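In the order they appear, the protein sequences are chains E and B.
Residue numbers for the first sequence follow numbering that gives the first Met the number 0, beginning at 0 and rising by one.
Residue numbers for the second sequence follow numbering that gives the first Met the number 0, beginning at 0 and rising by one.
Single-structure report; data block below.
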Amino acid sequence: MGLKELENKSIYIIREAYAEFENPAVLWSTGKDSTTVLALCRKAFFGKIPFPVIHIDTGYKFKQMYEFRDRIADEWGLDLIIARNEEAMNAGVGPGDGKFECCTKLKTEALMQCLNKHGFDALLLAIRRDEHGIRAKERVFSPRDEEFRWNYRDQPLEMWDQYQAQSEGQSETGIHTRVHPILHWRELDVWEYIKQENIPVNPLYFARDGKRYRSLGCEPCTSPIDSNAKTIDEIVEELRTTKIAERAGRAQDKEKAFMMQKLRALGYM
Amino acid sequence: MNVNVVLVGHVDHGKSTMIGRLLYDSESIKDERVEEIQKLAEEYKRRFEFAYFLDSFEDELKEERTIDTVSLMFKSEKNYYTITDVPGHKEFIKNMLTGASHAHVAVLVVSAEEGVQEQTRRHLFLLKMLGIKEVFVAVNKMDAVDYKKERFENVKAEINEVLSSFGYPTGHFIPVSAMEGDNIYRRSERMEWYEGPTLIEALDGVTVEGKEKPLRFVVQDVYEVEGEKIVVGRVESGILRRGDGVIFEPSGIRTKIEGIRVFEGELEEATTGDCVGILIGEEVKRGDVGGTVEKPPKPVEEFLGEAVLLGKNLKKGEQIELRCGTAKVRCEIKEIKEKIDSETGEVVERNPDEINEHDAATIVFATEPLVIEKFAEIPELGRFVLVKNGRNIGAGVVLDANF
Chain E
0 MGLKELENKS IYIIREAYAE FENPAVLWST GKDSTTVLAL CRKAFFGKIP
50 FPVIHIDTGY KFKQMYEFRD RIADEWGLDL IIARNEEAMN AGVGPGDGKF
100 ECCTKLKTEA LMQCLNKHGF DALLLAIRRD EHGIRAKERV FSPRDEEFRW
150 NYRDQPLEMW DQYQAQSEGQ SETGIHTRVH PILHWRELDV WEYIKQENIP
200 VNPLYFARDG KRYRSLGCEP CTSPIDSNAK TIDEIVEELR TTKIAERAGR
250 AQDKEKAFMM QKLRALGYM
Chain B
0 MNVNVVLVGH VDHGKSTMIG RLLYDSESIK DERVEEIQKL AEEYKRRFEF
50 AYFLDSFEDE LKEERTIDTV SLMFKSEKNY YTITDVPGHK EFIKNMLTGA
100 SHAHVAVLVV SAEEGVQEQT RRHLFLLKML GIKEVFVAVN KMDAVDYKKE
150 RFENVKAEIN EVLSSFGYPT GHFIPVSAME GDNIYRRSER MEWYEGPTLI
200 EALDGVTVEG KEKPLRFVVQ DVYEVEGEKI VVGRVESGIL RRGDGVIFEP
250 SGIRTKIEGI RVFEGELEEA TTGDCVGILI GEEVKRGDVG GTVEKPPKPV
300 EEFLGEAVLL GKNLKKGEQI ELRCGTAKVR CEIKEIKEKI DSETGEVVER
350 NPDEINEHDA ATIVFATEPL VIEKFAEIPE LGRFVLVKNG RNIGAGVVLD
400 ANF
């Protein structure tokens with residue numbers, strides 16, 4: 000799809016979510032994908048995003064991510080909610096406890112607490128089908144039960160653009176729906192769009208001393224790739240020819256087989 | 000050009016393997032993924048399979064079958080493809096329909112060993128209902144029948160019979176082996192008797208039609224931005240121009256497009272697929288559909304549709320919800336004219352009191368005022384889903400109405 004087509008489809012999805020749910024929010028890691036989703040939301044609503052933006056803070060993020068977050072939140076006038084699992088953080092949970100445990104506690108549970116507190120019935124997320132096999136199986140509107148579980152064996156019928164939004168009483172029962180506005184985008188599309196639209200990105204994506212981050216997560220579990228791409232143009236060029244997977248530098252996907260599926264079944268992004 | 004392709008066919012006829020092979024031979028798979036699959040195959044003591052690129056659920060690997068649909072993108076020398084794999088089991092028809100609903104063309108995968116099976120027929124029937132007109136038939140597993148022309152010809156004759164019974168023109172047939180890579184991306188040297196295109200050559204020859212249609216703008220919402228009311232929605236068909244006289248139904252509002260607005264500013268016109276805001280100085284609401292005064296949309300309160308049911312049952316006289324475009328209306332199953340076997344496409348009962356899971360039927364729906372179109376004319380507004388207790392339980396197309 001061309002960028003225009005991708006953008007149209009995403010805006011359609013965002014507006015559908017806003018019309019169908021009572022209390023939506025968008026998740027923002029400050030990475031390239033979720034920043035693109037914020038840019039699309041700004042377009043969909045003519046500048047002002049009419050719902051909160053949630054940032055899950057594990058305490059292990061890169062310093063540059065926090066700086067970037069606060070700058071953009073200010074520039075774009077975001078209604079920013081910072082979600083932290085204080086209890087786990089105080090107990091000292093970290094990657095040393097195992098990546099599965101750490102991601103579940105500091106990310107999934109932090110998000111769960113935030114959702115319960117604010118009663119959100121829909122969450123916009125910037126996952127893409129081409130990132131990971133398990134994400135390729137997602138629906139655009141994807142329900143989660145009160146325990147956050149993803150029933151991937153019985154996903155809704157989702158034909159044409161008729162997404163299943165069961166909104167009534169969702170926030171009361173603790174069920175929510177994940178909404179995926181850029182599910183149909185590829186990594187290269189995101190960068191081409193960032194370039195076209197002049198979307199701000201975290202400086203960690205650009206190469207320094209022959210290395211750059213291709214996917215951003217928590218500092219201890221994210222490693223850079225070898226690259227000399229110092230500009231968006233150079234990143235686009237690199238992606239056209241690379242044979243390395245995007246999440247190659249993300250440790251939590253790889254600890255063991257089907258790790259990502261297990262994380263996601265429990266409500267991971 | 001972007002082409003959306005869906006692979007359909009009976010379980011174990013090799014759909015996932017074929018897509019894995021297409022991705023692998025077109026060099027669309029990252030090295031790391033290949034290594035990951037090799038490792039996984041070892042761990043689970045299995046032979047390396049191309050299907051594992053697609054079947055990413057642990058259950059899928061254990062059960063050796065596809066459970067849910069998956070879409071992957073790759074590029075040939077000519078086109079960008081989104082290729083969709085769907086499960087071949089009857090119990091996952093819901094996932095098959097989800098995957099097939101965005102396709103421009105289909106590849107029917109049929110095993111040269113087994114020929115036509117239950118899901119071969121059902122998938123073809125459903126594709127026909129969804130309006131997918133072009134079907135390529137990949138006669139797979141030719142390696143298992145020693146690449147014999149005779150076997151290919153037999154399967155071809157068998158499939159042609161099914162195709163014509165569903166009203167399809169004669170299909171395009173390609174003898175392939177997804178496992179060995181014959182005639183998928185590379186021309187096979189083991190079937191010199193075959194002179195037609197490889198699968199990728201056949202797909203590269205596809206043209207996605209763009210028929211001229213009247214304007215239909217579906218309303219998603221109305222926003223107030225700096226004191227101004229902006230009606231947001233999508234141009235489903237035709238062209239929207241500033242200054243056009245328009246009518247919105249079922250609200251029955253006649254007005255003029257005073258402005259077309261996007262975040263960046265004003266537009267003179269918007270074309271099919273564009274999501275824009277419009278200024279019309281009138282109150283319309285979500286579910287309304289706009290068209291020009293010359294060719295306006297016409298609301299109906301009754302129409303004839305063909306639908307397939309994925310929920311438990313549907314009874315004559317039952318009240319359910321129906322969604323078309325952004326409209327959600329209450330409707331009644333006024334009359335079930337014919338119950339159709341979704342495997343054979345044959346009418347099995349006239350005027351039944353109910354239909355059951357996986358049945359298709361022609362149904363007269365009585366609805367709250369609703370803008371729909373004949374599927375054959377404006378497909379974007381000629382298809383609908385049926386909703387019961389908040390769940391999508393069926394889907395269908397509009398055959399006719401008293402417009």
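From the three backbone atoms N, C-alpha and C, an ideal C-beta is built for every residue, glycine too.
Given the structure is predicted, the values throughout are model-derived calculations rather than measurements.
Delimiting residues of the beta strand (DSSP E) encompassing residue i
| i | result |
| --- | --- |
| aspartate 399/B | 390-400 |
| alanine 360/B | 359-370 |
| isoleucine 234/E | Segment 231-240 is the alpha helix (DSSP H) holding isoleucine 234/E; no beta strand (DSSP E) there. |
| aspartate 30/B | Unbroken run through aspartate 30/B is the alpha helix (DSSP H), 30-42; no beta strand (DSSP E). |
| valine 109/B | 104-110 |
| histidine 88/B | First-last for histidine 88/B: undefined, no H or E at that position. |
| leucine 122/E | 121-123 |
| tyrosine 146/B | Unbroken run through tyrosine 146/B: none, as it is neither H nor E. |
| tyrosine 403/B | Given that chain B is displayed from residue 0 to residue 402, the structure contains no residue 403/B and the question cannot be resolved. |
Boundaries of the alpha helix (DSSP H) in which residue i is found, first to last residue
| i | result |
| --- | --- |
| tyrosine 17/E | 2-19 |
| lysine 98/E | 98-102 |
| lysine 120/B | As written in the sequence, residue 120/B is arginine, which differs from the lysine given in the question. First-last of the alpha helix (DSSP H) with arginine 120/B: 117-128. |
| leucine 262/E | 258-264 |
Option in the options with minimal Cα separation from residue i
| i | options | result |
| --- | --- | --- |
| isoleucine 126/E | Gln63/E, Ile48/E, Val25/E, Leu105/E | Val25/E |
| threonine 272/E | Glu186/E, Lys229/E, Thr230/E | Given that chain E is displayed from residue 0 to residue 268, the structure contains no residue 272/E and the question cannot be resolved. |
| leucine 123/B | Ala102/B, Val134/B, Gly280/B | Val134/B |
| aspartate 120/E | Glu66/E, Ala16/E, Arg128/E | Ala16/E |
| proline 351/B | Gly316/B, Ala156/B, Asp358/B, Glu337/B | Glu337/B |
| serine 245/B | Ile259/B, Gly264/B, Pro295/B, Gly280/B | Note on identity: in this sequence residue 245/B is valine, with serine being the wrong assignment. Valine 245/B has its Cα closest to that of Pro295/B, out of Ile259/B, Gly264/B, Pro295/B, Gly280/B. |
| histidine 9/B | Asp30/B, Lys255/B, Ala111/B, Glu35/B | Ala111/B |
| isoleucine 362/B | Phe383/B, Ile335/B, Ser341/B, Val370/B | Ile335/B |
| valine 2/B | Lys77/B, Ser27/B, Glu194/B, Ile392/B | Lys77/B |
| glycine 310/B | Gly87/B, Asn391/B, Lys327/B, Ile238/B | Asn391/B |
| lysine 315/B | Glu263/B, Glu211/B, Lys333/B | Lys333/B |
| lysine 98/E | Asp225/E, Asp232/E, Gly216/E, Glu196/E | Gly216/E |
Proximity test, Cβ basis, 8 Å: residue i and chain E
| i | result |
| --- | --- |
| isoleucine 354/B | no |
| alanine 360/B | no |
| lysine 228/B | no |
| glutamate 31/B | yes |
| methionine 141/B | no |
| leucine 22/B | no |
| alanine 306/B | no |
| glutamate 390/B | For clarity, residue 390/B is arginine in the given sequence; the question names glutamate instead. Closer than 8 Å: yes. |
| valine 7/B | no |
| valine 69/B | yes |
| isoleucine 377/B | no |
Cutoff 8 Å: residue i Cβ touching any chain B Cβ
| i | result |
| --- | --- |
| glycine 266/E | no |
| alanine 16/E | no |
| aspartate 129/E | yes |
| aspartate 91/E | The sequence given here has glycine at residue 91/E, not aspartate. No, because no Cβ of chain B sits closer than 8 Å to the Cβ of glycine 91/E. |
| leucine 5/E | no |
| phenylalanine 44/E | yes |
| alanine 125/E | no |
| tyrosine 11/E | yes |
| methionine 258/E | no |
| arginine 41/E | yes |
| lysine 136/E | yes |
| alanine 244/E | yes |
*Are the region 233-246 of chain B and the region 269-281 of chain B touching by the rule of at least three beta carbon pairs closer than 8 Å?*
yes
*Which residues, in order along the region 140-174 of chain E, keep a beta-carbon less than 9 Å from a beta-carbon of chain B?*
Tyr151, Arg152, Asp153, Gln154, Pro155, Leu156, Glu157, Met158, Trp159, Asp160, Gln161, Tyr162, Gln163, Ala164, Gln165, Ser166, Glu167
*Taking a Cβ distance cut-off of 8 Å, strictly less, list which residues of the region 266-281 of chain B are near chain E, in chain order.*
Gly272, Asp273, Cys274, Gly276
_Residues of the region 82-105 of chain B in Cβ contact with chain E at a cutoff of 8 Å, in chain order, please._
Lys93, Asn94, Leu96, Thr97, Ser100, His101
*Contacting positions in the region 286-301 of chain B - beta carbon closer than 8 Å to chain E*: none
*Got a sec: which bits of the region 191-212 of chain B sit with their beta carbon under 8 Å from any beta carbon on chain E, in order along the chain?*
none
_Positions along the region 316-341 of chain B whose CB lies within less than 7 Å of some CB in chain E_ = Arg322
*According to a CB-to-CB cut-off of less than 9 Å, which residues of the region 251-266 of chain B neighbour chain E?*
Arg260, Val261, Phe262, Glu263
*Please name the residues in the region 51-82 of chain E whose beta-carbon is closer than 7 Å to at least one beta-carbon of chain B, in chain order.*
none
*Can at least three beta-carbon pairs, one atom from the region 189-209 of chain B and one from the region 101-117 of chain B, be found at a separation below 8 Å?*
yes
*Using a Cβ-Cβ cut-off of less than 9 Å, give me the residues of the region 23-34 of chain E that come near chain B, in sequence order.*
none
_Inter-stretch contact (C-beta, 8 Å, three-pair minimum) for the region 153-166 of chain E and the region 209-217 of chain E_ = no
*asked:* Below 8 Å, how does it come out for the region 22-30 of chain B and the region 114-128 of chain B: are there three or more Cβ pairs, yes or no?
replied: no
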